[in-house]
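For the sequence shown, position 343 matches number 343 in our numbering, and the numbering has no gaps at all. Backbone N, C-alpha and C fix where the C-beta goes; we use that ideal spot for every residue, glycine too. Only one structure is covered here, and it is reproduced in the block below.
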Amino acid sequence: MNNSAVIHGIRWNLFTTVIRRILSLALLIYLASWLSQGDFGVFRTYSLILAITSVFAVIGMDSNLITDQSHIKLNLFSFAQVGLGLGVLCSLLLALSSVWLARLYHSLELGTIIRWTSLFVLVEVLRKLLRSIAQTRLMFKDLALAETWNVVFYCLLSFSVIYFYRHVWVYVVAYYLGNLVETIYLYVRLKPSPSLQLKRLLSIKWLNYSCANIKKNRAFLLNVSAIRLLNTYAGNAPILFLGTMVSAAFMGQYFFATQLIGVPVIMFTMAVGQVFYPVFAQSDTSRTIQSINSYTRLTLSLGIPLLIVYGYALKLAIPWLFTGKWDAAIPLLFSLIPYFGSSMLNDPISGIPFICRKPHWELVWNAISLFLRLLLLLWGMKYGFAFAVLLFSLGSAFMNLVFYFMSLYLLKAKLLPALASICLWSVSILALMAILHFVARGSLPILYGSICFIIYLLAVFAFAKPVYSDVRRIIR
């Protein structure tokens, strides 16, 4: 049952991810033509501030709901009651801190947007609540469709409005209204438990039950919340940390680069991760290890090589599409490949410490990772913003591999075969990247680059039979 749920869920998520990615990429190209680099920086800073605020509102209750199968109804009610209350409180605090945040990140417009849209925190809490319910029910098709309607809505709204009102607040409002559409769709499809009535949610008596449940699970919830805060800050340190030192234009360049090179990876890993997490929570260890091994083969043999090819395609396309406006972001694209490539291995299995009920392992990893990344960024800034991003990416790749092996260790899997596989495929990946770099400097780079990649794929399917079997099992 779990293997079937994994394949079915991944198939639906991958299919809808392609649709969402095409729409998002088209919108990014459109917005990059009309909005400034500073506008892009303001949007990304705003979205990260909202994400961190949402962590305080949810306090890990979504992970507790998914991994604790013995108290689902009580955990669900506690999430709804406490989460909504914290969502209102966090919205108020965010609005009050808008002036300070505007000064911290050198943007008065950022402060104005935060002050007038702080209630979006409440939308994020509701969205995470309903997504968690869908995951516990293994309703991956509905999750995929909800995300698709989200992207379709905010893309169409942005396309139709941004031409007339070329302001970053239009993009912000459209994006989070899309999250509201996703929330409404999930509510209609899931038909949440009758226990989530407004009268009961406002009851002091039931609040005592919820608080007692939160207190019972406080160690797990605190660990999960701390992990998410550290992970969000560490993963986005070039904006959240360096954003206090440099102008919004640099943040815009970084955001533009991460959107182009990273969004396919993020959407893919989220699509796979939201399937892996609840299914692994209900699977035995041997099946979990088998699924991770299969996913690792596909990532190393096809996922990361595709990302590299995509990076070289972007290098050719950006000057042509934007006539020099975003050329400064091209070096960042290649600097970020180690980070996003390793994220493809790490992110979908990031729930393993939670599933093993050992979140403190990930907490220690996050603390070390944050310290290393900040140190590398500070050192790199002595030689320029692009060099700082490169060091950040390499340090992140190293820590992602550490997390990958830590997860296998928690599952009591064999580490040496996994290490040998990664080393072997790394040689192939580096060779492919060197060839593509040489081809990109010559004439007809698109033609010769395509031929090289086709030869690579034929070699993979001819000599790596397990990869061929994995691909057949997914598309069958």
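request  = Rounded to whole angstroms, what's the CA-CA distance from Ala249 to Lys216? Just pull it up for me.
outcome  = For Ala249 and Lys216, the distance between alpha carbons rounds to 46 Å.
Residue from Lys128, Ser210 and Gly243 with nearest C-alpha to Arg103 = Looking at the Cα atoms, Gly243 is the closest of the given residues.
message = My output table needs one value for Ala462: the three-state DSSP class, helix, strand or coil.
response = Of the three classes helix, strand and coil, the one that applies to Ala462 here is helix, per DSSP.
inquiry  = Quick check on His167: does DSSP put it in helix, strand or coil?
reply    = Correct three-state label for His167: coil.
ask   = Taking the C-alpha atoms as reference points, what is the distance between Gly111 and Val467?
value = Those two C-alpha atoms are separated by around 50 Å.
request  = Put Arg323 into one of helix, strand or coil per three-state DSSP.
outcome  = The residue you asked about is not Arg; residue 323 is Thr in the sequence shown. It is coil, neither helix nor strand.
key: Neighbour-count burial assignment, Ala384, 16 or more Cβ in a 10 Å radius   = Correcting the residue type first, residue 384 is Gly in the shown sequence and not Ala. Within a 10 Å sphere around the beta-carbon of Gly384 sit fewer than 16 other beta-carbons, which makes this residue exposed.
request  = Could you pull out every unbroken beta strand (DSSP E) segment of at least 3 residues lying fully inside the stretch 180-212, listed in chain order?
outcome  = Runs found: none.
query = According to the neighbour-count rule (16 or more other Cβ atoms, all chains shown, within 10 Å of its Cβ), is Leu416 buried or exposed?
reply = Flag for Leu416 reads exposed.
query = Exposed or buried, Met245, counting other C-beta atoms within 10 Å across all chains shown (16 or more means buried)?
reply = Exposed, because fewer than 16 other Cβ atoms sit within 10 Å of the Cβ of Met245.
request  = Measure how close the beta-carbons of Ile349 and Ile292 come, nearest whole angstrom, since I'm counting them as under 8 Å.
outcome  = In this structure, Ile349 and Ile292 form a Cβ contact; the two beta carbons are roughly 6 Å apart against a cut-off of 8 Å.
request  = Tell me whether the beta-carbon of Glu109 lies closer than 8 Å to the beta-carbon of Val168.
outcome  = Cβ atoms of Glu109 and Val168: closer than 8 Å.
key: Where Ile455 falls, given that 16 or more other Cβ within 10 Å makes a residue buried   = Under the 10 Å beta carbon count, Ile455 is surrounded by fewer than 16 other beta carbons and is classified as exposed.
ask   = Excluding the five sequence neighbours on either side, which residues of its own chain have a C-beta within less than 7 Å of the C-beta of Val99, listed in chain order?
value = The residues are Gly111.
query = How big is the Cα-Cα spacing for Thr183 and Ile239?
reply = The straight-line gap from Cα to Cα measures roughly 28 Å.
ask   = In terms of alpha-carbon separation, which member of Leu50, Tyr339, Gly351 and Leu196 lies closest to Gln282?
value = For Gln282, the nearest C-alpha among the options comes from Gly351.
ask   = Using the rule of at least 16 other Cβ atoms within 10 Å of the residue's Cβ for burial, across every protein chain shown, is Ala388 buried or exposed?
value = Buried: at least 16 other Cβ atoms inside 10 Å.
ask   = Taking the Cβ atom as the reference point for each residue, do Thr17 and Phe405 lie within a distance shorter than 8 Å?
value = Contact flag unset, no.
query = Which full runs of the alpha helix (DSSP H) of 4+ residues lie inside the stretch 97-121, going along the chain?
reply = Listed in chain order, the complete alpha helix (DSSP H) runs (minimum 4 residues) inside the stretch 97-121 are 98-104 and 108-117.
task = Using alpha carbons as the reference points, say which of Thr148, Ala174 and Asn150 lies closest to Ser160.
result = Closest option to Ser160, Cα to Cα, is Ala174.
query = Nearest-angstrom Cα distance between Gly395 and Leu376?
reply = Spanning the two alpha carbons is a distance of roughly 7 Å.
ask   = Mapping DSSP to helix, strand and coil, what is Thr282?
value = The sequence shown places Gln at residue 282, not Thr. It is coil, neither helix nor strand.
query = Pick from Arg20, Ala329 and Ile261: whose alpha carbon is nearest that of Trp149?
reply = Measuring from the Cα of Trp149, the nearest candidate turns out to be Arg20.
key: Whole alpha helix (DSSP H) elements within the stretch 388-469, 4-residue minimum   = Listed in chain order, the complete alpha helix (DSSP H) runs (minimum 4 residues) inside the stretch 388-469 are 415-440 and 445-463.
message = When you compare the CB positions of Gly324 and Gly38, do they come within less than 8 Å of one another, or not?
response = In this structure, Gly324 lies away from Gly38, with their beta-carbon atoms at least 8 Å apart.
inquiry  = Mapping the DSSP letters down to three states, classify Arg137 as helix, strand or coil.
reply    = Arg137 falls in the coil class under three-state DSSP.
message = Are the CB atoms of Leu138 and Leu186 within a distance shorter than 8 Å?
response = No, they are not a contact pair.
message = For Ile241 and Ser91, what's the separation of their Cα atoms in angstroms?
response = Checking the sequence shown, residue 241 turns out to be Phe, not Ile. Roughly 23 Å between the two C-alpha positions.
inquiry  = I need the boundaries of the alpha helix (DSSP H) containing Ser47, first residue and last residue.
reply    = Here the alpha helix (DSSP H) through Ser47 covers Gln37 to Val58.
key: For Pro319, the nearest candidate out of Ala32, Met61 and Gly83 (CA to CA)   = Minimum Cα distance to Pro319 is reached at Ala32.
request  = Starting from Met527, trace the alpha helix (DSSP H) both ways and give me its first and last residue.
outcome  = Summary: the structure shown does not reach residue 527, with the chain confined to residues 1 through 476, and so no result is reported for it.
query = Mapping DSSP to helix, strand and coil, what is Cys155?
reply = DSSP places Cys155 in helix when its eight states are reduced to three.
task = Would you mind reading off the limits of the alpha helix (DSSP H) that contains Ala237?
result = Start and end: Ala237 to Leu240.
key: Beta-carbon proximity of Val170 to Phe43, cut-off 8 Å   = Result no, Cβ atoms of Val170 and Phe43 do not sit closer than 8 Å.
inquiry  = Is it buried or exposed, Ser426, if we count other Cβ atoms within 10 angstroms and call 16 or more buried?
reply    = Ser426 comes out exposed.
Burial state of Ser469 (16 or more Cβ within 10 Å) = When all chains shown are included, Ser469 counts as exposed.
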